[in-house]
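Participant: The following block contains the structure, expressed as structure tokens.
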Amino acid sequence: MMMKLNLNCNTNPWMIIKKNNEEVPRKEIIRDVFSGLPDIYSINDFEIFYQYFPSSAVSLSSLDELLERDIQRENDGFPRKIKIGPLVKPTPGKGTKVIVVPATTEEKFYHDPRIMKKQTGEGGSGSEEEGEVIGEIPIRGENAGTGAGQGGGEGHDMTSNAYEIGKILTEKFLLPNLKEKGKKRSLTKFKYDLTDRNEKTGQVLDKRETLKKIIETNIILGRVSKNSPINSRDLLIDRNDMIYQILSRERDFESEAVVFFLRDYSGSMSGMPTEIVVQQHLLIYSWLLYQYQNRVETRFILHDDEAKEVPDFYTYYNSQIAGGTLVSSAYHLVNEIVQKENLARNYNIYIFHGTDGDDWMTDDEYEKISKETEGILSYTNRFGITIISHGEETSLETSIKKTGLLEKNPSLIRLDSFSEEEATDDRIIEGIKKLIS
Amino acid sequence: MELIDQHTKKIMENCKARAREAGLKFEDETLEYIVTNREMTRLSPKTFVPTLYDYWVNDVEVLHGEGEYKLYPNNPYESVINSRPAISFYNDNNPDWMNAAIFYHVLAHIDFFQNNRLFKKTWNDDFVGQALADKRLIAKLRGEKGRWVDYTIEFSRGIDNILGFYRELAEEEFPEEKALSEKLDFYFNSFLQGELKLLPHEFLKELERFNSIPDESLRESLFFSEVQTKHPEFAERFKKNLDKKKEKSKDLLEFLILNSPKLKKEENKWMIPIMHVVRNTGLYFAPQIRTKILNEGWASYWHDKLFRQDGLLNTHETDYAIFNSKATTMPRMGLNPYAIGKALFEYVEDLAEKGKMSLDFQRVQIIDARKYYDQKTGKGQEAIFKLRESFSDFTVINTFVDQDFVDTNHLLILGQRFNPQKGVVEVYVKSKKAKDYKSMLLESLYHPPDIKIDSEKTDDSLIYLSHQFEGKPLVKDYIANTMLGIEYLWGGKVQLETTELIEKEESFPPHFFAGIPADEDEPEWQRVRYTMENRKISREVL
Chain A
158 MMMKLNLNCN
168 TNPWMIIKKN
178 NEEVPRKEII
188 RDVFSGLPDI
198 YSINDFEIFY
208 QYFPSSAVSL
218 SSLDELLERD
228 IQRENDGFPR
238 KIKIGPLVKP
248 TPGKGTKVIV
258 VPATTEEKFY
268 HDPRIMKKQT
278 GEGGSGSEEE
288 GEVIGEIPIR
298 GENAGTGAGQ
308 GGGEGHDMTS
318 NAYEIGKILT
328 EKFLLPNLKE
338 KGKKRSLTKF
348 KYDLTDRNEK
358 TGQVLDKRET
368 LKKIIETNII
378 LGRVSKNSPI
388 NSRDLLIDRN
398 DMIYQILSRE
408 RDFESEAVVF
418 FLRDYSGSMS
428 GMPTEIVVQQ
438 HLLIYSWLLY
448 QYQNRVETRF
458 ILHDDEAKEV
468 PDFYTYYNSQ
478 IAGGTLVSSA
488 YHLVNEIVQK
498 ENLARNYNIY
508 IFHGTDGDDW
518 MTDDEYEKIS
528 KETEGILSYT
538 NRFGITIISH
548 GEETSLETSI
558 KKTGLLEKNP
568 SLIRLDSFSE
578 EEATDDRIIE
588 GIKKLIS
Chain B
188 MELIDQHTKK
198 IMENCKARAR
208 EAGLKFEDET
218 LEYIVTNREM
228 TRLSPKTFVP
238 TLYDYWVNDV
248 EVLHGEGEYK
258 LYPNNPYESV
268 INSRPAISFY
278 NDNNPDWMNA
288 AIFYHVLAHI
298 DFFQNNRLFK
308 KTWNDDFVGQ
318 ALADKRLIAK
328 LRGEKGRWVD
338 YTIEFSRGID
348 NILGFYRELA
358 EEEFPEEKAL
368 SEKLDFYFNS
378 FLQGELKLLP
388 HEFLKELERF
398 NSIPDESLRE
408 SLFFSEVQTK
418 HPEFAERFKK
428 NLDKKKEKSK
438 DLLEFLILNS
448 PKLKKEENKW
458 MIPIMHVVRN
468 TGLYFAPQIR
478 TKILNEGWAS
488 YWHDKLFRQD
498 GLLNTHETDY
508 AIFNSKATTM
518 PRMGLNPYAI
528 GKALFEYVED
538 LAEKGKMSLD
548 FQRVQIIDAR
558 KYYDQKTGKG
568 QEAIFKLRES
578 FSDFTVINTF
588 VDQDFVDTNH
598 LLILGQRFNP
608 QKGVVEVYVK
618 SKKAKDYKSM
628 LLESLYHPPD
638 IKIDSEKTDD
648 SLIYLSHQFE
658 GKPLVKDYIA
668 NTMLGIEYLW
678 GGKVQLETTE
688 LIEKEESFPP
698 HFFAGIPADE
708 DEPEWQRVRY
718 TMENRKISRE
728 VL
């Protein structure tokens, strides 16, 4: 039974800042001020029980606060615990959807489940006899990707989130800002679009904004309250609340940078090395996106013993396990594309290559690598090679060192090598620092 | 989040009446809330208790869950929390017939919470209210101590899975006054077995000697007068033990609360209530995780049985068939606790109904006779009510998963093998034996490691933990941080003895047969000791 007697007394409205000893966000305070303080008759069972469930928005920390806390941990002498990673839902043709989320593990003493799994097998059901095959799982082919990854050029969701990761990487993980973004000039064009908003008149009614404005006005008028459903017939609608979109002149930026991502997808890259490379490339891409304020184009190249360009990140991420490895083929393809499309004139060019470094040293492979790398260094802003080694120095590392280019052009080419076992998130970010600083 | 409307509440009340008629027992008051999917993602890290104390890890999980929801939107149907009154949450867009089916499911859960003996310690608790009080306590302390409160929560939670849940339950059944005196306890449990290392028959003889002394009031002194002559060193050993003895505790967390030198200091006393909150919360959820299969099975058994007799099924038969089979079908590959649990209840009901849980039946050897054996006892229902009262997942699987169960439900154990010709991994039927299926089920049950405090080696400067090895090592990556937490709560050196695999050189690089398990060599184990001192971890092979 609900009775509403509004015996409104003129108490100081700011007194309710502390409600149930919990901080109430400003927005709620304003609402409470306008809807009047509750009196003894307006409180009902539901209101009382509802106190059990403080709005989760009040207690939830934002990502920034969580990361700040994580940095504080280090000062207190405890290891950091929050990892920022992308969740990926690759959809062919539609562009990959990516969401940036934090993750953490609560470490406890747990049994390691991996040890016994082999012996007991999986549960299942069916009427087959012992020994019969009930299904097959392909291990070759184009659809075996799992884990982290990043969407291709299209898909707004992806880009805005990648930008967000880039910001976090730069600010929280103290990745350096680019000192000089190159001398290539960005061209500015103009276009007309329905992006500005105007009250009362305009070309197209923006329904969403109008509705928000109407609700806002009605809250101020006290016609909408938190706990009762909104009845649209009770709403007062004023012409001033109509929001329209109008045409306006917008600056249209052209991309300033092109990033080539090169990935070794030879047989030996299966599993962890691929995950690590893709994860790192995604983070580098995010960082560049932030540095160039979204004006970055991407090109994806896969190679085994020959190189091919693939159209989107989905294919880049999901193609797996082909033949042997000839690194020079990929470098050659990059040079060819840059030359053919005359990219060097208009763009800052970044090239990042991820491999396990097991290059087949055919007779002329060293000469080719040396030549192609020199070619790349003539126009690139930064060429970064990541080698996920199996322990010892790899043949690619040896070749690159032998060329002496690392010492000659430390500002243009960087090489970072670490093993699969070392590849923690921290190490991957450390690797990015090495490649880009 | 709002209460369900009157119309839906009426459906709920009808469901309650029918469920009671069928024999389910639960308290009258229940609260039902409608929540949006977004609210569900926010509630799930707090195990659906909205009043659980705030903790930043939950916030991380909420942000994570919201991200996942953006990519993979889904509709969680319902969730129930074990409290007084029982509270359940529903999706905001379920049709009536679905709500009714779900209500039966929920009511069976509530019946299970309020009758299964593993939940005995929670029977009188308004957990939601208790949690609210705890939440306020922690919020208040956070105001005074800041982030150090969160470290205390974090490190207490680091060991909240190895709580003495069964010891707590046992204490309920066997109160303190019935326990052995300290002297007897030490004599039988430590002195005879640990130091003299008596053989079982010698030990039993000694026990018999104690029991045969007729006068109960004099029993102990008479008994020990003989011990005095036989083992003169006993008195000295017992005294020494008393000096060393710490406060009795049921698990590591309680041991720290009672004995940690750091917590004894005045300036650290504020940490103790937080540790109690974490421990009590952990204990509260302990029975749920140990009865997952039974609880879901019981709820599925009843929603199916009761909804089939409900008028709302009319014209929704196909919808319901899809809804029900999504929840209770045995998957081709993998495990479904709803399906396994429901099958177990139906199997036991059938056994009891036909009188197969008897010696007579066990004596029947002929296959056909076994198949058609039916005494028509009418005791099926009684048997499953007993099952829901007195069993846990472990005991029910250990008792009832036999060849007949496996055959009736067409259960299989699957294996994987590489087929190099086709370039595929084949999934094949590895076994149809009950023995294998049972061990697979038991293997997949929740079972935290058994880690005890070695009181011989523990003193004020060192806490010595010993992991009782049960064929599975601990997750290596987590050891350091967990021990770091114990060191923080203990305020001194921590050692852990555990068993680990001896790493062997593999003849092929691990990626050679991508995803294919290597040859099943017999693993070799070694005992190792980790030491955490001044936030540095070290490891030695024993």
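For the record, the sequence lines run as chains A and B.
With this note's numbering, the residue at position 223 of the first sequence is 380, and numbering never jumps.
With this note's numbering, the residue at position 393 of the second sequence is 580, and numbering never jumps.
We treat Cβ as the ideally placed atom computed from N, Cα and C, and that holds for glycine.
For a minimum of 4 consecutive residues, which ranges assigned as the alpha helix (DSSP H) are wholly contained in the stretch 218 to 262 of chain B?
Facilitator: Fully enclosed alpha helix (DSSP H) runs of 4 or longer: 224 to 230, 243 to 258.
Participant: Take the Cβ of G316/B as the centre, count every other Cβ of all protein chains shown within 10 Å, and call the residue buried at 16 or more, exposed below.
Facilitator: Working through the second sequence from its first residue, we reach residue 316/B at position 129. Counting Cβ neighbours within 10 Å, G316/B comes out exposed, since fewer than 16 surround it.
Participant: Could you check which residue in D461/A, Q437/A, F509/A, I545/A has the C-alpha nearest to that of T156/A?
Facilitator: Given that chain A is displayed from residue 158 to residue 594, the structure contains no residue 156/A and the question cannot be resolved.
Participant: By alpha-carbon positions, which one of T309/B, P272/B, Y277/B, P710/B ends up nearest to G469/B?
Facilitator: Here residue 469/B is taken as the residue at index 282 of the second sequence, counted from 1. Per the Cα distances, T309/B.
Participant: Mapping the DSSP letters down to three states, classify M517/B as helix, strand or coil.
Facilitator: Within the second sequence, numbered from 1, the residue matching residue 517/B stands at position 330. If DSSP states are grouped into helix, strand and coil, M517/B belongs with coil.
Participant: Below 8 Å on the Cβ atoms is my contact criterion, and I expect Y534/B with F592/B to pass it. Report the Cβ-Cβ distance as a whole number of Å.
Facilitator: Position 347 of the second sequence, counting from 1, holds the residue named residue 534/B. Position 405 of the second sequence, counting from 1, holds the residue named residue 592/B. Y534/B to F592/B, Cβ: 5 Å. Contact.
Participant: Which residues of chain B have a Cβ atom closer than 7 Å to the Cβ of Q229/A, listed in chain order?
Facilitator: For this step, residue 229/A is matched to residue 72 along the first sequence. R334, listed in chain order.
Participant: Using a beta-carbon distance below 8 Å, is G498/B in contact with chain A?
Facilitator: Taking the second sequence and counting its residues from 1, one reaches residue 498/B at position 311. Output row for G498/B: interface = no.
Participant: Using a Cβ cut-off of 8 Å (strictly closer), state whether Y277/B contacts chain A.
Facilitator: Locating residue 277/B in the second sequence gives position 90, counting from the first residue. By this cut-off, Y277/B is not an interface position.
Participant: Within 10 angstroms of the Cβ of K619/B, are there 16 or more other Cβ atoms? Answer buried if so, exposed if not.
Facilitator: Along the second sequence, read from residue 1 onward, the residue named residue 619/B stands at position 432. Under this definition K619/B is a buried residue.
Participant: Pull up the DSSP beta-bridge partners for D637/B, would you.
Facilitator: The count along the second sequence starts at 1 and reaches residue 637/B at position 450. Answer is Q655/B, bridged to D637/B.
Participant: Flag F266/A as yes if its beta-carbon sits less than 8 Å from any beta-carbon of chain B, otherwise no.
Facilitator: Translated into the one-based positions of the first sequence, residue 266/A becomes position 109. F266/A counts as touching chain B.
Participant: Please classify V290/A as buried or exposed, where buried requires at least 16 neighbouring CB atoms within 10 angstroms.
Facilitator: Position 133 of the first sequence, counting from 1, holds the residue named residue 290/A. Exposed.
Participant: Indicate whether at least one CB of chain A lies closer than 8 Å to the CB of Y615/B.
Facilitator: Taking the second sequence and counting its residues from 1, the one referred to as residue 615/B is at position 428. Interface residue, yes.
Participant: According to DSSP, is V551/B helix, strand or coil?
Facilitator: In the second sequence, counting from the first residue as 1, residue 551/B sits at position 364. Coil.
Participant: How about Y504/A and T537/A: do their beta carbons lie closer than 8 Å?
Facilitator: As a working mapping, residue 504/A is identified with position 347 in the first sequence. As a working mapping, residue 537/A is identified with position 380 in the first sequence. No, the pair does not count as a contact, with Cβ atoms beyond the cut-off.
Participant: State the Cα-Cα distance for the pair S398/A and P237/B, rounded to the nearest angstrom.
Facilitator: Reading the first sequence from its first residue, position 241 is the one you call residue 398/A. Reading the second sequence from its first residue, position 50 is the one you call residue 237/B. Just to set this straight, residue 398/A is Asp in the shown sequence, not Ser. One C-alpha to the other measures close to 38 Å.
Participant: Leaving aside the five residues before and after A287/B along the sequence, list all residues of the same chain whose C-beta is less than 7 Å from its C-beta, in chain order.
Facilitator: Within the second sequence, residue 287/B is the residue found at index 100, counting from 1. The answer, listed in chain order, is I198, C202, F494, D497, L499.
Participant: Is the distance from the Cβ of A487/A to the Cβ of A464/A below 8 Å?
Facilitator: Here the question's residue 487/A lines up with position 330 in the first sequence. Here the question's residue 464/A lines up with position 307 in the first sequence. Their beta carbons are under 8 Å apart, which means A487/A touches A464/A by this criterion.
Participant: Note down the Cα distance separating H634/B from Q655/B, rounded to an integer number of angstroms.
Facilitator: Position 447 of the second sequence holds residue 634/B. Position 468 of the second sequence holds residue 655/B. For H634/B and Q655/B, the distance between alpha carbons rounds to 13 Å.
Participant: Pick out the complete alpha helix (DSSP H) segments inside the stretch 344 to 376 of chain B, 4 residues or longer, and give them in chain order.
Facilitator: Entirely contained in the stretch 344 to 376 of chain B, the alpha helix (DSSP H) runs reaching 4 residues are, in chain order, 352 to 360, 369 to 372.
Participant: In angstroms with no decimal places, state the Cα-to-Cα distance between N523/B and G288/A.
Facilitator: To locate residue 523/B, count along the second sequence from 1; it is residue 336. To locate residue 288/A, count along the first sequence from 1; it is residue 131. The alpha-carbon atoms of N523/B and G288/A are separated by roughly 23 Å.
Participant: For the candidate residues Q562/B, I274/B, G528/B, whose alpha-carbon lies nearest to that of F581/B?
Facilitator: Reading the second sequence from its first residue, position 394 is the one you call residue 581/B. Answer by Cα proximity: G528/B.
Participant: Determine the DSSP secondary structure at K452/B, reduced to helix, strand or coil.
Facilitator: On the second sequence, position 265 is the one that residue 452/B refers to. The answer is coil: DSSP assigns K452/B none of H, G, I, E or B.
Participant: Have a look at G330/B and R323/B and give me their C-alpha separation to the nearest angstrom.
Facilitator: Numbered from its first residue, the second sequence carries residue 330/B at position 143. Numbered from its first residue, the second sequence carries residue 323/B at position 136. Cα-Cα distance, rounded: 11 Å.
Participant: Cβ atoms of I433/A and I585/A: under 8 Å apart, would you say?
Facilitator: On the first sequence, position 428 is the one that residue 585/A refers to. On the first sequence, position 276 is the one that residue 433/A refers to. Cβ atoms of I585/A and I433/A: closer than 8 Å.
Participant: Just the chain B side, please: which residues come within less than 7 Å of P259/A by C-beta, in chain order?
Facilitator: Walking along the first sequence from the start, residue 259/A turns up at place 102. Neighbours of P259/A on chain B, chain order: V247, L250, H251.
Participant: Hey, out of F235/B, D283/B, L294/B, whose CA is closest to A206/B's CA?
Facilitator: Your numbering for residue 206/B matches position 19 in the second sequence. Of F235/B, D283/B, L294/B, the residue nearest in Cα terms is L294/B.
Participant: Judging by CA-CA distance, which residue of T560/A, A580/A, V491/A, E587/A is the nearest neighbour of T455/A?
Facilitator: The residue labelled residue 455/A in the question sits at position 298 within the first sequence. Among T560/A, A580/A, V491/A, E587/A, the Cα nearest to that of T455/A is on V491/A.
Participant: Using the rule of at least 16 other Cβ atoms within 10 Å of the residue's Cβ for burial, across every protein chain shown, is S725/B buried or exposed?
Facilitator: Here residue 725/B is taken as the residue at index 538 of the second sequence, counted from 1. Classification for S725/B: exposed.
Participant: Would you call E608/B buried or exposed, if buried means 16 or more other Cβ atoms sit within 10 Å of its Cβ?
Facilitator: Locating residue 608/B in the second sequence gives position 421, where the first residue counts as 1. According to the sequence as given, residue 608/B is Gln; it is not Glu. Exposed, by the Cβ-count rule.
Participant: Assign V190/A to one of two classes, buried (16 or more other C-beta atoms within 10 Å of its C-beta) or exposed (fewer than that).
Facilitator: Here residue 190/A is taken as the residue at index 33 of the first sequence, counted from 1. Caution applies to V190/A, whose pLDDT of 31 falls short of 50 and renders its modelled position unreliable; the model cannot decide the point.
Participant: Excluding the five sequence neighbours on either side, which residues of its own chain have a C-beta within less than 6 Å of the C-beta of H292/B, listed in chain order?
Facilitator: As a working mapping, residue 292/B is identified with position 105 in the second sequence. For H292/B, where only same-chain residues beyond five positions count, the Cβ hits under 6 Å are A486, H490.
Participant: Assuming F276/B and F235/B are in contact, meaning their beta carbons sit under 8 Å apart, how far apart are those beta carbons, in whole angstroms?
Facilitator: The residue you call residue 276/B lines up with position 89 of the second sequence. The residue you call residue 235/B lines up with position 48 of the second sequence. Sure, about 7 Å apart at Cβ, within 8 Å.
Participant: On the three-state DSSP scale, how would you describe L211/B?
Facilitator: If you number the second sequence from 1, residue 211/B lands on position 24. L211/B falls in the coil class under three-state DSSP.
Participant: Can you list the residues of chain A that N511/B reaches, using a CB-CB cut of under 9 Å?
Facilitator: Locating residue 511/B in the second sequence gives position 324, where the first residue counts as 1. None at all; the shortest Cβ gap to chain A is about 17 Å.
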